[in-house]
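Peer 1:
Protein chains: 2
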Amino acid sequence: MASHPLIVAPPASLRKPLRVPNKLLLGPGPANLSSRVILAGTHQVIGPLQDEMYKIMDDIKDGIRYAFQTQNTLTLALSGSGHTAMEVSVLNLVEPGESVLVGVNGIWGERIVDMAERIGAKVHQMVKVPGEYYTLQEVEKGLTQHKPVVFFLTHGESSTGILQPLDGYGDLCHRHDCLLVVDSVASLGGAPIYMDKQGIDVLYSGSQKVLNSPPGISLISFSEKARSKIFNRKTKPLSFVLDMKLLANYWGCDNNPRVYHHTIPIISLFALRESLALLADEGLEKSWKKHQEATEYLHRELQKLGLQLFVKEPKARLPTVTTVAVPQGYNWKNITTYLWKKHDIEIVGGLGPSAGLVLRIGLLGCNATKASVDRVILALKDALRHCPKSKL
Amino acid sequence: MASHPLIVAPPASLRKPLRVPNKLLLGPGPANLSSRVILAGTHQVIGPLQDEMYKIMDDIKDGIRYAFQTQNTLTLALSGSGHTAMEVSVLNLVEPGESVLVGVNGIWGERIVDMAERIGAKVHQMVKVPGEYYTLQEVEKGLTQHKPVVFFLTHGESSTGILQPLDGYGDLCHRHDCLLVVDSVASLGGAPIYMDKQGIDVLYSGSQKVLNSPPGISLISFSEKARSKIFNRKTKPLSFVLDMKLLANYWGCDNNPRVYHHTIPIISLFALRESLALLADEGLEKSWKKHQEATEYLHRELQKLGLQLFVKEPKARLPTVTTVAVPQGYNWKNITTYLWKKHDIEIVGGLGPSAGLVLRIGLLGCNATKASVDRVILALKDALRHCPKSKL
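Taken in order, these protein sequences are the chains called W and C. Residues in the first sequence are numbered from 1 upward in steps of one, following our numbering. Residues in the second sequence are numbered from 1001 upward in steps of one, following our numbering.
1) Consult DSSP for W/G365 and reduce its assignment to one of helix, strand or coil.
2) Using a beta-carbon distance below 9 Å, is W/D171 in contact with chain C?
3) Give the secondary structure of W/D344 by DSSP, where H, G and I count as helix, E and B as strand, and everything else as coil.
4) Can you say whether W/Q303 is buried or exposed, counting buried as having 16 or more other CB atoms within 10 angstroms of its CB?
5) Counting only runs of 3+ residues fully inside the stretch 1066-1114 of chain C, write out the beta strand (DSSP E) ranges in chain order.
6) Buried or exposed: C/I1007, going by 16 or more other Cβ atoms within 10 Å of its Cβ?
7) Run through chain W and tell me which residues come within less than 9 Å of C/D1167, C-beta to C-beta.
8) Give the DSSP-derived three-state secondary structure of W/M53 in the structure shown.
9) Below 9 Å between beta carbons: does that hold for W/V127 and W/A116?
10) Closest Cβ-Cβ distance between C/V1094 and chain W: below 9 Å?
11) Please report the residue range of the beta strand (DSSP E) in which W/D183 lies.
12) From the DSSP output, in three-state form, read off C/Y1204 for me.
13) Please go through the same chain and pick out, in chain order, the residues whose beta-carbon is closer than 6 Å to the beta-carbon of C/N1092, but skip the five residues on each side of it.
14) Starting from C/V1139 and walking both ways along the alpha helix (DSSP H), at which residues does that stretch end?
15) Report the rounded CA-to-CA distance for C/D1114 versus W/K286, giving the unit in angstroms.
16) Let me know if C/Q1198 comes out buried or exposed under the rule of 16 or more other beta-carbons within 10 Å of its beta-carbon.
17) Do the CB positions of W/V324 and W/L307 come within less than 9 Å of each other?
18) Cα separation between W/E132 and W/E138?
19) Kindly list, in the order they appear in chain W, the residues whose Cβ is closer than 8 Å to that of C/A1040.
20) Quickly, what does DSSP pair W/H124 with across the bridge? List them, please.
21) Are the beta-carbon atoms belonging to W/A271 and W/V37 less than 9 Å from one another?
22) With 16 as the cutoff for other CB atoms within 10 Å, does C/A1371 come out buried or exposed?
23) Roughly how many whole angstroms lie between the Cα atoms of C/T1154 and C/S1089?
24) How many whole angstroms separate the CB atoms of C/A1294 and C/T1369, which I take to be in contact at a CB cut-off of 8 Å?
25) Assuming C/R1233 and C/E1087 make a contact with CB atoms under 8 Å, what is their CB distance in whole Å?
26) Mind listing the chain C neighbours of W/K245? Cutoff is C-beta to C-beta under 8 Å, in chain order.
27) Taking three-plus beta-carbon pairs below 8 Å as touching, is the stretch 40-51 of chain W in contact with the stretch 1015-1033 of chain C?
28) Please list, in chain order, the residues of the stretch 363-392 of chain W that have any C-beta partner in chain C closer than 7 Å.
29) With a threshold of 16 other CB atoms inside 10 Å of the CB of W/T144, please say whether the residue is buried or exposed.
30) Report the CB separation of C/V1182 from C/L1364 in whole angstroms; it is logged as a contact under 8 Å.
31) Quick check: what's the CA-CA separation for W/L78 versus W/C253?
32) Find the residues of chain W that neighbour C/F1151, judging by a C-beta separation of less than 7 Å, and give them in chain order.
33) Can the beta-carbon of C/R1273 be found less than 9 Å from the beta-carbon of W/L18?
34) Using only CA atoms, which one of W/L269, W/R300, W/L279, W/V358 lies nearest to W/T42?
35) Pull up the distance between the alpha-carbon of C/R1227 and that of C/L1074, whole angstroms please.
36) Please list the segments of the alpha helix (DSSP H) lying wholly inside the stretch 230-311 of chain W, counting only runs of 4 or more residues, in order along the chain.
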């Protein structure tokens, strides 16, 4: 049956067992998995078109509606990380030639610009120094000037540590005939967000942050205005895989019988269902409070070490991911490596516009505890003593 | 801190425990997970930029090279199912306005046509009756007539049960200055394929078939010719998430330091690494033989029941997924539902052009055993006795 000799031998690397170190993940995500989520991953697969799977998908939709505080029908999980959700928003909401406005105060805005340019949108950027957020006045100026059909804003700017206020931005956009898209990948479950009340038209988040699920899934919801824009497009979205009309049908969000679209990541969805159940059990308000308190405690302890928080205004600090200025005289990479190797803790450096400027420490979901803070502070103290320091 | 009252209560559906029935999955995939793969999924996450993760990614690249029988540098796993791999091929290889040729003898060809049309390619279809494959002569005619830059062919046409021969097609395409893309989602590990020897320029497959991994990951590799076309594009691919140049860098397939692109599905990659290790342990030739033998046994037993195989030519039958004509007088849906509910076995109906015409039975990876065949045959006998039959 084999018609040719094999030219590639079984690789020696695969003869060794899989080695995964057990670490406390205090970066900006992925975070550690909760044990109930790990257990969910030990089930056997079932087929993506079985009623039992549809039931789990429906549970997930319920859980997302709760986490987002929305009653939107078009609410589902995407087979891809936060970047996929970002691209789904761009690809489906925007048609080539349409004008969009993007708040660029960190890496996520930069990426939206990249995505929107690829599909031929007219992209206008509102650029800010990393570590600042957008006021209503600034947004109004941008909307008046550029007349975009969509405005993109990041709620939890995890590359800079900024929490963007959201009250009033939806109404403002709607007065200017513009849809509001909000990225809450790094903030959902950790900072208050009220999709319907705040008039957010598209909201998305990721599985691997506060939800303590494996990376690879994102959550998304569309207002009636956003749904209507998508369903009335003149052109097909440029991607089949990310076509929201097809996904809406497969997830049972329209009134038609479900049709196979692609094979969803069944096991990851089991895990996500359990993550959302855990959040519903705990309650959003308790979860928000937990993150706020743990992160404020972290901030106090960092300042006691003589470290500088990157975001000056206390109210603008993200209650999930903290940015700390790289201590003077140190190379950030030495510190993160020291923590990883000597203390089994992951913290990371900056990203995009904050690269080289900051260390980032995340307290996400089950990691948002006083015990995590005590561990990372002890480890940082040790690192500051042992990592090489240049003379200033 | 919470500034508004909650308008959506924790959903009652999530107060109940997750329920996943344990089934024998003998559809065209997903297949059951092997126990080593399930165990891999119980690890904690690690960060996507840690050396330990890069090592696992490198192991995966080695494993794919073995499974594909290729030495290509640009070989990696994609964060998405087979559909994602299909779209990655289209989006990266083809620029708007370029001519492509697609073998459409089942649903997979239809989907490639859809994807290629979305990005503005000039799409030419070679349409065949479901249940037939393409001869070298037919392909040569198409290449001469349409002068495509890429030709798309499906190795394992799981909607119709066809195995496409591959010897000679690569050379033929290259003589016509055309790249050959082959979909082996449903065949990899079950039927011989030799990427380098057969001159295949892009080959992709999925995690949830013969590899017995969870759905949600796909494998892909690019020849030097394909890599060069992608790296010398005049336009950026229309998707950031699926941009192969960025993915190549993140997966360590170029000579530059790895840069964060998106958060990869860490846990699913642990599972895939173990799946590839299992395939390497078993050996490709043994795996091919196992599928061939189990499926031939299935075919004999089906024929003993008086059922008709949908693919007439024995050599053209896929050794992984079998299509059987729906027995006269029966509704296919009654049979699949009966097997699911009474025998805890998943088999499925047709898809796309084979919808309503066939039942599909898959013997994939650890499910490719005589015992699986015996179970499904017993169940089918029972179904034929108990499902309603119309008078002919």
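The C-beta atom is built at its ideal place from N, Cα and C for all residues, glycine as well. Values in this document were obtained by computation on a predicted structure and should not be read as measured data.
Peer 2: Working from what's here:
1) Locating residue 365 of chain W in the first sequence gives position 365, where the first residue counts as 1. The answer is helix: DSSP assigns W/G365 an H, G or I state.
2) Here residue 171 of chain W is taken as the residue at index 171 of the first sequence, counted from 1. Not one chain C Cβ lies under 9 Å of W/D171.
3) Locating residue 344 of chain W in the first sequence gives position 344, where the first residue counts as 1. DSSP places W/D344 in coil when its eight states are reduced to three.
4) The sequence position of residue 303 of chain W within the first sequence is 303, counting from 1. By the neighbour-count rule (16 or more Cβ atoms within 10 Å), W/Q303 is not buried but exposed.
5) 1075-1078, 1099-1104
6) Residue numbering aside, residue 1007 of chain C sits at position 7 when the second sequence is read from its first letter. It is exposed - the Cβ of C/I1007 has fewer than 16 other Cβ atoms within 10 Å.
7) Your numbering for residue 1167 of chain C matches position 167 in the second sequence. The answer, in chain order, is S3, H4.
8) In the first sequence, residue 53 of chain W corresponds to position 53, counting from 1. Helix at W/M53.
9) Residue numbering aside, residue 127 of chain W sits at position 127 when the first sequence is read from its first letter. Residue numbering aside, residue 116 of chain W sits at position 116 when the first sequence is read from its first letter. Contact: no.
10) Here residue 1094 of chain C corresponds to residue number 94 of the second sequence, with the count starting at 1. No, no contact with chain W.
11) Within the first sequence, numbered from 1, the residue matching residue 183 of chain W stands at position 183. Segment 179-183, the beta strand (DSSP E) holding W/D183.
12) Taking the first residue of the second sequence as 1, we reach residue 1204 of chain C at position 204. Residue state, collapsed to three classes: strand.
13) Along the second sequence, one-based indexing puts residue 1092 of chain C at 92. Around C/N1092: I1230, P1237, M1244.
14) One-based indexing of the second sequence puts residue 1139 of chain C at position 139. Here the alpha helix (DSSP H) through C/V1139 covers 1136-1146.
15) The residue given as residue 1114 of chain C occupies position 114 in the second sequence. The residue given as residue 286 of chain W occupies position 286 in the first sequence. Computed Cα separation, rounded: 47 Å.
16) Along the second sequence, read from residue 1 onward, the residue named residue 1198 of chain C stands at position 198. Looking at its Cβ environment, which holds 16 or more other Cβ atoms inside 10 Å, C/Q1198 is buried.
17) Working through the first sequence from its first residue, we reach residue 324 of chain W at position 324. Working through the first sequence from its first residue, we reach residue 307 of chain W at position 307. In this structure, W/L307 lies closer than 9 Å to W/V324 by Cβ.
18) In the first sequence, residue 132 of chain W corresponds to position 132, counting from 1. In the first sequence, residue 138 of chain W corresponds to position 138, counting from 1. Spanning the two alpha carbons is a distance of roughly 12 Å.
19) Taking the second sequence and counting its residues from 1, one reaches residue 1040 of chain C at position 40. In chain order: L18.
20) By one-based count along the first sequence, residue 124 of chain W stands at place 124. DSSP, once it has assigned bridges, lists W/L101 as partnering W/H124.
21) Here residue 271 of chain W corresponds to residue number 271 of the first sequence, with the count starting at 1. Here residue 37 of chain W corresponds to residue number 37 of the first sequence, with the count starting at 1. Cβ atoms of W/A271 and W/V37: closer than 9 Å.
22) Translated into the one-based positions of the second sequence, residue 1371 of chain C becomes position 371. By the neighbour-count rule (16 or more Cβ atoms within 10 Å), C/A1371 is not buried but exposed.
23) Residue 1154 of chain C sits at position 154 when you count from the first residue of the second sequence. Residue 1089 of chain C sits at position 89 when you count from the first residue of the second sequence. Approximately 13 Å between the Cα atoms of the pair.
24) Taking the second sequence and counting its residues from 1, the one referred to as residue 1294 of chain C is at position 294. Taking the second sequence and counting its residues from 1, the one referred to as residue 1369 of chain C is at position 369. Right, their Cβ atoms sit about 6 Å apart.
25) The residue given as residue 1233 of chain C occupies position 233 in the second sequence. The residue given as residue 1087 of chain C occupies position 87 in the second sequence. Actually they are not in contact, since the Cβ atoms of C/R1233 and C/E1087 sit about 16 Å apart, beyond 8 Å.
26) On the first sequence, residue 245 of chain W is found 245 positions in, with the first residue counted as 1. Per Cβ cutoff of 8 Å: no residues; W/K245 is ~13 Å from chain C at best.
27) yes
28) none
29) Translated into positions along the first sequence, residue 144 of chain W becomes position 144. Result: exposed.
30) Position 182 of the second sequence, counted from the first residue, corresponds to residue 1182 of chain C. Position 364 of the second sequence, counted from the first residue, corresponds to residue 1364 of chain C. About 19 Å separates the two Cβ atoms, so there is no contact after all.
31) Stepping through the first sequence from its first residue, residue 78 of chain W is reached at position 78. Stepping through the first sequence from its first residue, residue 253 of chain W is reached at position 253. About 13 Å.
32) Your numbering for residue 1151 of chain C matches position 151 in the second sequence. Going along chain W, no residue has its Cβ under 7 Å from C/F1151, so there is no contact; the nearest lies around 19 Å.
33) Residue numbering aside, residue 1273 of chain C sits at position 273 when the second sequence is read from its first letter. Residue numbering aside, residue 18 of chain W sits at position 18 when the first sequence is read from its first letter. Contact: yes.
34) By one-based count along the first sequence, residue 42 of chain W stands at place 42. Considering only alpha carbons, the answer is W/L269.
35) Within the second sequence, the letter at position 227 stands for residue 1227 of chain C. Within the second sequence, the letter at position 74 stands for residue 1074 of chain C. Using only the alpha carbons, I get a separation of about 7 Å.
36) 244-250, 266-282, 284-304
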